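Numbering (the working numbering), first residue to last: 1 to 324. Ideal Cβ placement from N, Cα and C applies to all residues, glycine included. Note that the coordinates shown come from a computational prediction; the quantities given were computed from them, not determined experimentally.
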Ligand code: AMP
Ligand code: MN
Ligand code: MN
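What follows is the structure in structure tokens.
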């Protein structure tokens with residue numbers, strides 16, 4: 001770790017133009033971590049471009065730095081940093097369109113495949129924002145109020161308001177320090193977790209009208225037609241999966257979101273200690289033990305049948321229970 005810090009410091013010192021990228025269909029940890037690194041490096045005198053393949057979702061536009069995030073990735077830079085990505089494909093950009101190999105890979109997914117030249121991957125961290133908080137002092141990066149607000153958003157959203165089982169006393173101490181640095185907890189919570197748009201609520205309605213349950217599994221689907229008819233602009237599920245996972249008797253909640261004809265985004269949430277990351281990996285995705293996702297090729301109905309059947313098999317399997 002120490003060697004990697006020194007190596008990273010040298011790369012940062014030498015670089016002038018820096019590109020930072022997070023994952024497609026970005027969540028609060030992706031946007032918050034991206035903005036946090038961008039602001040820190042800009043304050044250190046670097047020329048920074050922050051990019052997201054899908055842009056910044058409306059509910060994170062209040063974050064400092066969000067207005068400067070681009071969708072077009074520059075063709076050249078001195079240093080490329082990826083945050084909250086378990087694999088380089090998660091950036092949503094074609095490998096050929098990246099300006100160079102990823103130099104710094106900063107993440108917290110146990111399924112991270114160490115695609116960077118230097119990899120800061122901490123699977124026990126609750127969010128990439130926590131990894132960044134820990135790296136800030138050794139890397140000599142200053143956390144001002146704007147950076148703190150972005151990092152706190154990463155922590156609040158990835159832990160769904162400090163409710164997940166990976167919330168340790170240390171996570172709460174980090175959050176407390178970010179609040180001391182000026183991050184507005186109540187506003188962050190309200191804007192990034194509580195509030196949603198009218199169209200997002202109607203989109204939820206479409207999904208909820210198709211809610212199903214069987215043998216400890218609970219699932220809903222969102223079609224391209226739903227997205228179009230309510231006018232929902234994103235390619236994500238508007239966080240409907242987090243609502244599904246609050247419904248009683250669901251050991252595993254799933255959502256199927258049609259992305260285009262023949263491509264479906266699947267999300268799993270497990271409440272019972274079942275390891276859904278392994279299942280997601282088997283479908284070419286990844287994630288955390290209790291929250292994972294994958295993009296699966298096939299028509300919606302066919303993908304749903306295949307994924308439900310595979311998920312049913314882990315319900316009865318002890319090796320997927322509580323395993324890492
Ligand atoms: P989601 O279901 O998109 O809310 O994501 C749940 C967790 O799984 C997050 O930690 C994601 O980063 C991860 N994840 C989602 N989709 C993928 C994917 N296609 N490949 C790898 N990890 C994913
Ligand atoms: Mn994320
Ligand atoms: Mn994360």
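Whole-angstrom distance between residue j and residue i, CA atom to CA atom
i: residue 36; j: residue 89; result: 22 Å
i: residue 185; j: residue 302; result: 43 Å
i: residue 115; j: residue 87; result: 6 Å
i: residue 45; j: residue 27; result: 27 Å
i: residue 192; j: residue 240; result: 14 Å
i: residue 299; j: residue 263; result: 7 Å
i: residue 178; j: residue 129; result: 11 Å
i: residue 312; j: residue 215; result: 8 Å
i: residue 183; j: residue 29; result: 15 Å
i: residue 242; j: residue 107; result: 22 Å
i: residue 13; j: residue 41; result: 10 Å
i: residue 66; j: residue 74; result: 17 Å
i: residue 82; j: residue 7; result: 16 Å
i: residue 3; j: residue 133; result: 19 Å
i: residue 92; j: residue 279; result: 21 Å
i: residue 166; j: residue 100; result: 34 Å
i: residue 161; j: residue 9; result: 33 Å
i: residue 53; j: residue 187; result: 26 Å
i: residue 314; j: residue 307; result: 11 Å
i: residue 248; j: residue 213; result: 11 Å
i: residue 11; j: residue 181; result: 28 Å
Contacting residues, own chain, Cβ-Cβ under 7 Å from residue i (five flanking each side not counted)
i: residue 64; result: 35, 39, 146, 149, 150
i: residue 277; result: 110, 111, 286, 287, 288, 289, 292
i: residue 210; result: 220, 221
For residue i, the three-state DSSP class (helix, strand or coil)
i: residue 323; result: Any reading at residue 323 must be qualified, since the residue scores a pLDDT of 40, below 50, and its modelled position is unreliable; no value is offered.
i: residue 102; result: coil
i: residue 240; result: helix
i: residue 128; result: helix
i: residue 247; result: coil
i: residue 221; result: strand
i: residue 107; result: strand
i: residue 118; result: strand
i: residue 81; result: strand
i: residue 50; result: strand
i: residue 5; result: helix
i: residue 94; result: coil
i: residue 76; result: coil
i: residue 304; result: helix
i: residue 309; result: helix
i: residue 229; result: helix
C-beta neighbour in chain D for residue i, strict 7 Å
i: residue 192; result: The structure shown contains no chain D; it holds only a single protein chain.
Own chain partners of residue i with C-beta closer than 6 Å, once the 5 adjacent residues on each side are dropped
i: residue 169; result: none
i: residue 231; result: 199
i: residue 323; result: For residue 323, the predicted model reports a pLDDT of 40, less than 50, meaning its position is unreliable; a value from the coordinates is still stated below. These residues qualify, in order along the chain: 275.
i: residue 250; result: 218
i: residue 207; result: 220, 222, 240
i: residue 78; result: 15, 16, 17
i: residue 227; result: none
i: residue 24; result: 53, 54, 92
i: residue 121; result: 107, 112
Residues of its chain near residue i, where Cβ-Cβ distance is below 8 Å and the 5 sequence neighbours each way are ignored
i: residue 55; result: 69, 71
Any non-hydrogen atom of ligand 5 within 6 Å of residue i CB
i: residue 125; result: Ligand 5 is not part of the structure shown, which contains ligand 1, ligand 2 and ligand 3 as its ligands.
- Note down, one range per segment and in chain order, each alpha helix (DSSP H) of at least 4 residues found wholly within the segment 137 to 215. 145 to 158, 169 to 180, 185 to 189, 198 to 208
- Item | Given 8 Å, three or more beta-carbon pairs between the segment 225 to 241 and the segment 255 to 274 | Result yes; three or more Cβ-Cβ pairs closer than 8 Å.
- Task: Would you mind listing the alpha helix (DSSP H) stretches within the segment 250 to 302 that are 4+ residues and don't spill past its ends, in chain order?
- Result: 276 to 282
- Item | the segment 270 to 278 in contact with the segment 290 to 299 per 3-pair CB rule at 8 Å | yes
- Task: Would you mind listing the beta strand (DSSP E) stretches within the segment 11 to 72 that are 3+ residues and don't spill past its ends, in chain order?
- Result: 17 to 21, 47 to 51
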